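Below: the structure, in structure tokens.
Chains as they are written, first to last, in this note's numbering: chain A, 1 to 234; chain B, 1 to 107.
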């Protein structure tokens, strides 16, 4: 790989690196707070590498959710990557299996966002794209480890730390408000979650509420015609 | 609190890698069914709403809509307003943490 390929790939990644440092440290702190060791946090960032999913895991572990239900929620959350992976695939179709493995593993929301727009806008080489993805990936791993270390050194008020997570999920929810149907799905999900949590007293309520609310959003969008909306890329 | 961290991480790794890698490998020519992709576009918003609802509306284990007792309610309204305006994760977190700390000190 040429030197200027690496430089331009890393350059494209800098704005994302800045936000990954801040969010990665926060993620490391909440994961440590949820009971993961620094080593486990490193393994998770290395093997999973999905910010939203890692925050979700921290939150569900604190709620006392079971391992299968956490994995199921992570799977649902990651289904959005199917759309991203499929839409970026045409730009890297001649690449080797190893390349696709690395590019796929490091395809976060942000890596997708930056690479997809560059592929569309101008000459963007698949090698530059994978460098960008890898430098985002490295930044995330280092930042979450740092967060874990910080979490292990300082006592943190759990109510407040837990609320930092909620504030982030609120913002992630708002970022998905791309159509009226999506807002309606959010409202439906809130209602189902509250009712099912009270009735079932079990956090499987979240899984059921999510699936039901997605179906409601889909049905409403079908009824009201397709128009705009539909774009799920956050 | 955390029972099987290694199994959890391994499971999360699998369910993260599969939806990122296989479309890249298989779907370079074919398209995903538009209905499936539209249904999937509603999943993240529903998940985040559900996660938030399961936390924010409950205080000490029971449903609670009293903003003076359940101190998470007012900060949540503020965070939603800020998020609608800025769409910034970082600023939302900063505002959320400041607001809840203030509520915690006052109440």
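For every residue, glycine included, the Cβ atom is placed at its ideal position computed from N, Cα and C. Keep in mind that this is a model prediction, so the values were computed, not measured.
query = Within this structure, are the beta carbons of residue 99 of chain B and residue 190 of chain A separated by less than 8 Å?
reply = no
ask   = Since residue 49 of chain A is in the alpha helix (DSSP H), which residue starts that stretch and which ends it?
value = No alpha helix (DSSP H) holds residue 49 of chain A; DSSP gives it neither H nor E.
request  = Look at residue 84 of chain A and residue 107 of chain A and say whether their C-beta atoms are less than 8 Å apart.
outcome  = yes
task = Compare the C-alpha of residue 88 of chain A against each of B:32, B:84, B:57 and B:72 and name the closest.
result = B:32
ask   = Whose C-beta lies closer than 8 Å to the C-beta of residue 216 of chain A among residues of the same chain, with five residues either side of it excluded?
value = 184, 185 and 188
ask   = What residues in its chain sit with their C-beta under 6 Å from that of residue 42 of chain A, if we drop five residues either side in the sequence?
value = 145
message = Measuring only the C-alpha atoms, how far is residue 180 of chain A from residue 101 of chain B?
response = 33 Å
query = Leaving out five residues before and five after residue 3 of chain B in sequence, what residues of the same chain have Cβ atoms less than 7 Å from its Cβ?
reply = none
ask   = Are the C-beta atoms of residue 97 of chain B and some chain A residue less than 8 Å apart?
value = yes
ask   = Beta-carbon of residue 25 of chain B versus every beta-carbon of chain A: anything under 8 Å?
value = yes
ask   = Hey, would you say residue 114 of chain A sits closer than 8 Å to residue 50 of chain A, going by beta carbons?
value = no
ask   = Which one of A:66, A:75, A:27 and A:4 has the shortest CA to CA distance from residue 13 of chain B?
value = A:75
key: Same chain, Cβ closer than 6 Å to residue 75 of chain B, five either side skipped, listed in chain order   = 96, 99 and 100
task = Closer than 7 Å by beta-carbon distance: list the chain A residues that pair up with residue 3 of chain B, in chain order.
result = 67
ask   = From residue 96 of chain A to residue 62 of chain A, what distance separates their C-alpha atoms?
value = 41 Å
Three-state secondary structure assigned by DSSP to residue 22 of chain B = helix
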